[in-house]
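Below is one structure; the comments refer to it alone.
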Amino acid sequence: PFWKALALAGQNRFSDAAGILSARLADPTAPYRTETGMTLASLQLALDQPETALATLTALVPDADAAALAGIQLNQVEILLDLQRTAEARKAMPPTEKITAKDRQRAAFLDAQLLLNEGHPAQAQAGFQELINQPQGQALPLHHSAAIGLADAIQYQGKPDEAAKSLLQFLQ
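Start counting at 1 in the sequence shown, then tack on 22, and there's your number in the working numbering.
Written out as structure tokens, the structure reads:
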């Protein structure tokens with residue numbers, strides 16, 4: 023059933039795929055529940071159902087191992103930031119020591135986003151700048167988003183010319 027759901031998603035039949043995954047997630051004995059839930063949450067986001075995706079991720083938390091838990095929490099933070107629920111996003115942010123090596127850069131980006139949304143643009147600027155200075159191992163979309171975040175943080179401090187310059191410098 024899991025693979026059937028992925029095949030349906032590949033055919034843009036997201037609702038059908040989500041139904042299959044929901045049924046699998048409801049079975050506490052089903053294997054790969056974390057992967058099923060993460061996939062279901064992604065489909066729910068594709069269907070513009072962020073609250074449902076949050077509920078799906080929240081349901082995974084009690085049974086998640088340490089590595090999976092941090093990934094789940096980072097997904098929650100991302101959704102909550104998109105919903106402009108900054109305080110909840112901050113509470114959902116996993117402790118640094120619980121974040122796996124593969125998720126550290128994403129977590130640093132989300133932390134910088136949180137800082138910007140919490141009204142700390144100078145700290146956010148430092149976080150985004152660190153990501154730009156250390157691009158090794160970063161996915162290209164994350165690196166580009168960090169450049170935009172840096173410009174936003176600079177702009178937030180009332181320096182529009184410097185913000186535009188940072189973007190132009192990044193593009194060169």
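Just so it is clear, CB atoms sit at the ideal spot from N, CA and C, and this is done for glycine as well.
Would residue i pass as a contact of residue j if the rule is Cβ separation under 7 Å?
i	j	result
residue 101	residue 82	no
residue 75	residue 92	no
residue 39	residue 31	yes
residue 96	residue 68	no
residue 132	residue 99	yes
residue 56	residue 90	yes
residue 156	residue 175	no
residue 179	residue 143	yes
residue 185	residue 177	yes
Would you mind working out which of the options sits nearest residue i, comparing C-alpha positions?
i	options	result
residue 88	66, 61, 70, 125	125
residue 48	192, 39, 59	59
residue 172	159, 152, 51	152
residue 104	123, 50, 70	70
residue 141	109, 167, 182, 160	109
residue 54	86, 161, 119	86
residue 29	51, 52, 50, 65	65
residue 50	25, 113, 84, 27	84
residue 123	139, 113, 145, 160	160
Is residue i near the ligand GTP, judged by its Cβ being under 6 Å from some heavy atom?
i	result
residue 149	The model depicted lacks the ligand GTP and carries no ligand whatsoever.
Just curious, the alpha helix (DSSP H) that residue i is in, first and last residue?
i	result
residue 159	Segment: none, residue 159 is in no alpha helix (DSSP H) and carries neither H nor E.
residue 147	143-155
residue 182	182-193
residue 38	36-48
residue 52	Taken as a continuous stretch (DSSP letters only), residue 52 belongs to no alpha helix (DSSP H), as it is neither H nor E.
Less than 8 Å between the CB atoms is what I'm expecting for residue i and residue j, so what's the real figure, rounded?
i	j	result
residue 134	residue 149	3 Å
residue 127	residue 164	6 Å
residue 43	residue 61	6 Å
Go through the stretch 65-128 residue by residue and report every complete run of the alpha helix (DSSP H) that reaches 4 residues or more, in order.
Taking only runs of at least 4 residues, the alpha helix (DSSP H) segments lying wholly in the stretch 65-128 are 72-82, 88-104, 108-114.
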